[in-house]
Amino acid sequence: MAVFPFELVSPENLVFSGDVQQVVVPGSEGDFAVGAGHAKLISSLRPGLIVITDAAGQVSRLYVRGGFADVSGTGMTILAERAVPAAEMTDGVFEAELKAAQADVAAAASDAARMRAAERLAQVGDVRKALAA
Amino acid sequence: MPSLKDLRNRIASVKATQKITKAMQMVAAAKLRRAQMAAEAARPYAERMNKVLANVAQGVAGNPSAPRLLTGTGDDKVHLLVVFTAERGLCGGFNSSIARIARERATALLAEGKTVKILCVGKKGNDVLKRQFEKQIIDLIELRAIRNIAFENADEIGRRIIAMFEAGEFDVCTIFFSRFRSVIAQIPTALQMIPAEIPEAVAGEDPAPYEYEPDEAEILAELLPRNLSMQVFRALLENAASEQGARMSAMDSATRNAGEMIKKQTMKYNRSRQAMITKELIEIISGAEAL
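Protein chains in written order, with numbering that gives the first Met the number 0: chain A, 0 to 132; chain B, 0 to 290.
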């Protein structure tokens with residue numbers, strides 16, 4: 000299968016860099032999969048799981064909290080606010096994430112912002128359910 | 000002429016000082032390595048962010064509905080200066096050089112009749128600036144309790160700046176920090192945050208238009224605050240590395256000065272000891288001759 004270069008960066012470090020076959024991205028308007036030769040696209044992300052199939056066919060899952068995906072002609076870059084391997088997402092980490100999301104809801108200044116924050120809160124809960132299943 | 004005992008005491012005290020400066024230098028060197036690594040780790044994100052931002056901003060160029068964070072309020076009456084400095088002193092000219100460019104800017108703006116608001120991040124900048132700009136300083140954010148700067152800390156400051164902007168408290172925002180070039184070179188820098196300065200798109204990229212999901216304006220509305228927090232984060236990291244670098248070289252020269260002083264004092268001590276012995280011998284000999 001054709002591969003393409005993929006990078007996952009968070010503010011603190013470069014989380015993943017290398018050739019991959021496919022990446023499934025939790026876009027804000029729905030999940031989408033990116034393969035080699037995908038059309039150019041910029042999308043924002045919702046909290047969710049990224050599923051990476053690397054060149055050797057190994058699948059790894061990472062939790063990301065918001066950010067952006069930039070698919071260009073030469074490859075794909077994801078700017079994640081936070082990226083954690085799914086295996087490290089314990090209950091404690093989820094609690095912290097939920098608490099942060101709740102704080103955002105409480106701190107939202109406008110209705111639109113509050114709606115967005117509430118949506119995110121629900122999405123974090125969804126990820127937790129999906130991982131537990 | 001100080002007595003031998005005075006000289007001995009003085010040498011001992013300089014030696015103790017030298018030990019302290021030497022230890023501070025070594026601590027700074029270790030911290031610098033960590034700070035430098037953190038600053039380098041943040042670089043890829045900032046670079047990719049710039050690229051994405053350039054791409055998206057092109058999409059909305061000239062669009063009247065572009066977010067105000069990008070275009071500004073269309074005014075430049077009220078300026079917010081965010082001054083990033085260290086929490087501690089004893090690091091050479093680090094704090095004062097940042098404070099100096101901030102002061103120059105503030106003075107120039109005041110002379111033009113603009114309103115200036117100063118937000119200090121780090122205690123030392125506040126100490127220096129409050130003498131002259133007591134009325135302009137609106138608040139001080141202390142980061143003393145934080146050992147390793149995380150993105151969350153920067154995000155908090157970023158959100159606060161944006162909240163102020165949305166409340167219409169200022170028109171233009173500039174941040175002041177020190178860019179880390181090397182251990183001996185830290186460059187005090189002023190960077191305009193709002194209206195955002197958009198990096199040029201990379202030339203030679205394939206010109207096919209991007210698809211946006213959701214649309215450009217919405218992505219930009221999310222991207223710009225994120226970018227602001229990221230710039231704040233970078234400023235904090237660069238500052239941390241610069242501070243340690245400046246402290247390291249300041250402590251290095253302090254150690255060297257102390258070494259020189261010890262050498263001089265020891266020489267003086269030996270001379271006067273020798274003179275004393277010679278004097279006593281002369282006294283004994285001339286006493287014996289007189290008999």
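Glycine included, every Cβ here is placed at the ideal spot set by N, Cα and C. Only a predicted model underlies this, so the values are computations on that prediction, with no experimental measurement involved.
Same chain, Cβ closer than 8 Å to residue i, neighbours up to 5 away in sequence not counted
i	result
B:L6	Q264, K267, Y268 and S271
A:G74	F3, P4, F5 and E6
B:M275	L3
A:P10	E80
A:R113	V104 and A107
A:V58	V50, I51 and T52
B:D291	Past the boundaries of the shown model lies residue 291 of chain B; chain B is included only from 0 to 290, so the question cannot be answered.
A:G39	For the sequence presented, residue 39 of chain A should be read as Lys rather than Gly. Only V70, S71 and G72 meet the Cβ criterion.
B:M163	L79 and F169
A:P84	S59, R60, L61 and Y62
Cβ neighbours of residue i in the same chain (closer than 7 Å, five flanking residues each side left out)
i	result
B:K14	I261
A:V126	P46, G47, L48 and Y62
A:A35	A1, V2 and F3
B:L109	V115
Bounding residues of the alpha helix (DSSP H) (the contiguous stretch that carries residue i)
i	result
B:P224	E215 to A289
A:G124	D110 to A131
B:M163	F150 to E165
B:Q131	K122 to F132
B:N94	F93 to A110
A:A38	From DSSP, A:A38 is part of no alpha helix (DSSP H); its letter is neither H nor E.
B:V182	Run containing B:V182: none; DSSP gives neither H nor E here.
B:R67	R67 to T70
A:Q101	D90 to A106
Bridge partner(s) assigned by DSSP for residue i
i	result
A:E18	The sequence given here has Asp at residue 18 of chain A, not Glu. Per DSSP, A:P4.
A:Y62	A:L48 and A:V83
B:I140	B:V120
B:T114	B:V77
A:G26	A:G29 and A:L44
A:L13	A:V8
A:F67	A:S43 and A:L78
Contacting residues, own chain, Cβ-Cβ under 6 Å from residue i (five flanking each side not counted)
i	result
A:D103	A116
B:A220	P66
B:A56	I197
B:R246	A27 and C90
B:N125	C119 and L139
A:S42	G26 and A68
B:A153	S228, V231, F232 and L235
Unbroken beta strand (DSSP E) run spanning residue i, endpoints
i	result
B:R178	V171 to F179
A:D30	G29 to G34
B:E212	E210 to E212
A:I49	G47 to D53
A:T73	Taken as a continuous stretch (DSSP letters only), A:T73 belongs to no beta strand (DSSP E), as it is neither H nor E.
B:V77	V77 to F83
B:T188	Q185 to I193
- [ ] Using a Cβ-Cβ cut-off of less than 8 Å, give me the residues of the region 4-26 of chain A that come near chain B, in sequence order.
- [x] E6, V8, S9, P10, E11, N12, L13 and G26
Task: Contact set between the region 39-69 of chain A and chain B, restricted to residues whose Cβ is under 7 Å from the partner - done: K39, L40, I41, S42, S43, F67 and D69
Open item on the list: With three or more C-beta pairs closer than 8 Å as the rule, is the region 107-120 of chain A touching the region 85-101 of chain B?
Closed with: no
Task: Residues within the region 84-95 of chain A neighbouring chain B, beta-carbon criterion of under 8 Å - done: none
Open item on the list: Counting beta carbon pairs with one atom in the region 75-91 of chain A and one in the region 231-242 of chain B, are three or more of them shorter than 8 Å?
Closed with: no
- [ ] Would you check if there are 3 or more beta carbon pairs closer than 8 Å linking the region 135-155 of chain B to the region 117-127 of chain B?
- [x] yes
Task: the region 184-200 of chain B contacting the region 16-29 of chain B, beta-carbon criterion three pairs below 8 Å - done: no
Open item on the list: Across the region 239-251 of chain B and the region 28-41 of chain B, are there enough close Cβ pairs to call them in contact, namely three or more that are closer than 8 Å?
Closed with: yes
Task: Chain-ordered residues of the region 63-83 of chain B with a beta carbon less than 9 Å from chain A - done: If the cut-off is 9 Å between Cβ atoms, the region 63-83 of chain B has nothing near chain A.
TODO: Check whether the region 41-49 of chain B touches the region 274-287 of chain B, taking contact to mean three or more Cβ pairs, one atom from each stretch, closer than 8 Å.
DONE: no
Open item on the list: So if I threshold CB-CB distances at 9 Å, which residues from the region 101-132 of chain B count as touching chain A?
Closed with: none
Open item on the list: I'd like to know if the region 110-117 of chain B and the region 151-159 of chain B are in contact, where contact means that at least 3 CB-CB pairs between them fall below 8 Å.
Closed with: no
TODO: Below 8 Å between beta carbons is the criterion; list the residues of the region 159-192 of chain B that meet it against any residue of chain A, in chain order.
DONE: A162 and E165
TODO: Taking only beta carbons into account, state which residues of the region 14-43 of chain B come closer than 7 Å to chain A, listed in chain order.
DONE: A40, A41 and P43
Task: Meets three-Cβ-pair contact criterion under 8 Å: the region 21-36 of chain A and the region 212-227 of chain B - done: yes
- [ ] Can you give me, in chain order, the residues of the region 213-230 of chain B that have a beta carbon less than 9 Å from any beta carbon in chain A?
- [x] P213, E215, E217, I218, E221, L222, R225, S228 and M229
Task: Contact set between the region 47-59 of chain B and chain A, restricted to residues whose Cβ is under 9 Å from the partner - done: Answer set for the region 47-59 of chain B: R47, M48, K50, V51, N54, V55 and G58.
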